[in-house]
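Below is one structure; the comments refer to it alone.
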Amino acid sequence: MDDVVNEGESSSESNNPVQAMNYAVDTQKNLVKIVDEQSIFIQKLKKAVFKMVEYRNAVYFIDTFGDCFVIETTPKFLFGVLSHPCDFEIINDRIYSVDKYSRVWVHSLQGEIINIAFIGEKILKCCFRKDMCVIVTNKEPNTVSYYAKEESSRKERYFFLFNCNFEPYCEPFVEECINKCIKLMADTNLF
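All letters in the sequence shown, in the order written, are residues 70 to 260 by our numbering.
Structure (structure tokens):
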């Protein structure tokens with residue numbers, strides 16, 4: 070895999086090191102494995118890492134351009150969405166990535182696309198809880214709308230929009246909105 074850093078490519082998108090399990094990526098985009106408090110260099114990545122996630126004794130990461138990898142001996146490319154990610158989680162053998170164009174991508178652990186939900190509104194926050202994905206937008210204040218349902222052989226996952234109207238962006242308020250949305254959905258027996 071040819072993952073040499075291109076000249077002129079900035080690492081300013083990732084000012085903090087990213088770490089999961091016994092792997093880490095520093096601000097210079099060096100992927101290292103940590104063994105007995107020693108850093109073993111694996112390779113230099115082309116792009117800064119947005120987020121690393123541990124799942125079933127494996128480490129997955131998505132870079133700042135939406136390319137997703139699983140670390141085997143070296144990173145193995147799974148899929149790409151060609152857009153800056155806003156969130157990235159793995160739940161019930163599904164990889165969920167949300168991009169800056171308000172799309173929720175659902176992939177298998179092997180990288181095959183399962184579903185795409187087009188939200189159409191600017192996503193302020195995305196939260197994965199239980200068997201649903203709560204998406205906070207600022208379209209219409211204090212409304213919750215059912216968006217989509219992903220069906221699988223084991224479970225169903227619901228995508229909900231929670232629209233709130235506030236400026237400037239306030240993380241505690243968004244968390245409160247998400248919790249209210251979850252309570253409302255539980256109270257109305259949507260799970």
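Ideal Cβ placement from N, Cα and C applies to all residues, glycine included.
Just so it is clear, the structure is predicted and the values come from calculations on it, not from any experiment.
In chain order, what residues of the same chain lie with their CB nearer than 6 Å to the CB of residue 87, ignoring the 5 residues before and after it?
-> 94, 118 and 121
Run of the beta strand (DSSP E) containing residue 164, from where it starts to where it stops = 163-168
Put residue 248 into one of helix, strand or coil per three-state DSSP.
-> helix
Pick from 116, 134, 97 and 111: whose alpha carbon is nearest that of residue 169?
-> 134
Of the residues 187, 138 and 142, the one placed nearest residue 164, counting alpha carbons only = 138
Could you check if residue 114 is buried or exposed, using at least 16 other CB atoms within 10 Å of its CB as the buried criterion?
-> buried
Give the secondary structure of residue 90 by DSSP, where H, G and I count as helix, E and B as strand, and everything else as coil.
-> coil
Mind checking residue 98: buried by the 16 CB within 10 Å criterion, or exposed?
-> buried
Minimum C-alpha distance to residue 102 - residue among 124, 131 and 142 | 142
Taking C-beta to C-beta, are residue 148 and residue 89 nearer than 9 Å?
-> no
How would you call residue 108, buried or exposed, if buried means at least 16 neighbouring beta carbons within 10 angstroms?
-> exposed
Please confirm if residue 183 has its CB atom under 9 Å from at least one CB of chain B.
-> Of the protein chains in the structure, only one exists, and it is not chain B.
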